[in-house]
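Take a look at the structure set out below.
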């Protein structure tokens, strides 16, 4: 019994906020007869809380399984970003990132009012094999960054 308790305590303390468990979701298209799988990371909070009404905002990284051209960041609500270049029904943002400790700038796209940020193809190539991805975004309430553990993506 003592060994069980010691193992349990070790397990609890060895887990940290940065550890990741991926969720696999499946989307079927009955018309096309196809199925798409998505791996979604644990939700992460910004490095500092945003003000009301965005104080509970979290983000998850989504990888489309079998597709090396798409990367998506999902927010629990519209992240209310600023300083983007406006186009028809979407905005493009050049944002600072850190990929496995190396600084870079990438382009992301957001449809107006959407909870999703789409990472542009030429930038996803830089991210898809990384273990750690950090993105800095300019919200209406201030600049914040989000740190994603991409290790162990199951697809």
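Numbering (our numbering), first residue to last: 39 to 193. Where a beta carbon is used, it is the ideal one built from N, C-alpha and C, also for glycine.
According to DSSP, residues forming a beta bridge with residue i
i, result
"residue 97", "82, 113"
"residue 180", "177"
"residue 119", "177"
"residue 75", "64"
Element boundaries [beta strand (DSSP E), containing residue i]
i, result
"residue 67", "61-67"
"residue 128", "128-137"
"residue 145", "140-149"
"residue 175", "170-177"
"residue 124", "123-125"
Residue of the options minimising C-alpha distance to residue i
i, options, result
"residue 119", "150, 93, 101", "150"
"residue 131", "141, 148, 139", "148"
"residue 216", "90, 66, 65, 158", "In the structure as shown, the chain begins at 39 and stops at 193. Residue 216 is therefore absent and cannot be evaluated."
"residue 108", "165, 185, 187, 186", "165"
"residue 153", "128, 141, 161, 137", "128"
"residue 133", "93, 143, 92", "143"
Segment limits, alpha helix (DSSP H) that includes residue i
i, result
"residue 160", "159-165"
Residue i, buried or exposed, once every other Cβ within 10 Å from all chains shown has been counted against 16
i, result
"residue 168", "buried"
"residue 71", "exposed"
"residue 43", "Note that residue 43 has pLDDT 37, beneath the 50 cutoff, so the model's placement of it is unreliable and the number below is only indicative. The residue is exposed, with fewer than 16 neighbouring Cβ atoms inside 10 Å."
"residue 163", "exposed"
"residue 124", "exposed"
"residue 159", "exposed"
"residue 186", "buried"
"residue 141", "exposed"
"residue 53", "Confidence in residue 53 is poor, its pLDDT being 40 and thus under 50, which makes the residue's placement unreliable; the coordinate value appears in the next sentence. Exposed is the call here."
Beta-carbon contacts of residue i that lie in its chain and below 6 Å, excluding the five residues immediately before and after
i, result
"residue 183", "85, 172, 174"
"residue 38", "Outside the displayed span of the chain (39 to 193) sits residue 38, for which this structure offers no information."
"residue 78", "61, 98, 100"
"residue 212", "No answer is possible for residue 212: it lies beyond the span of the chain, which begins at 39 and ends at 193."
"residue 65", "74"
"residue 190", "none"
Chain-order list of residues whose beta-carbon lies under 8 Å from that of residue i (same chain, five-residue window excluded)
i, result
"residue 88", "95, 177, 179, 180, 182"
Sequence-distant residues of its chain with Cβ nearer than 7 Å to residue i (five each side left out)
i, result
"residue 192", "60, 62, 77"
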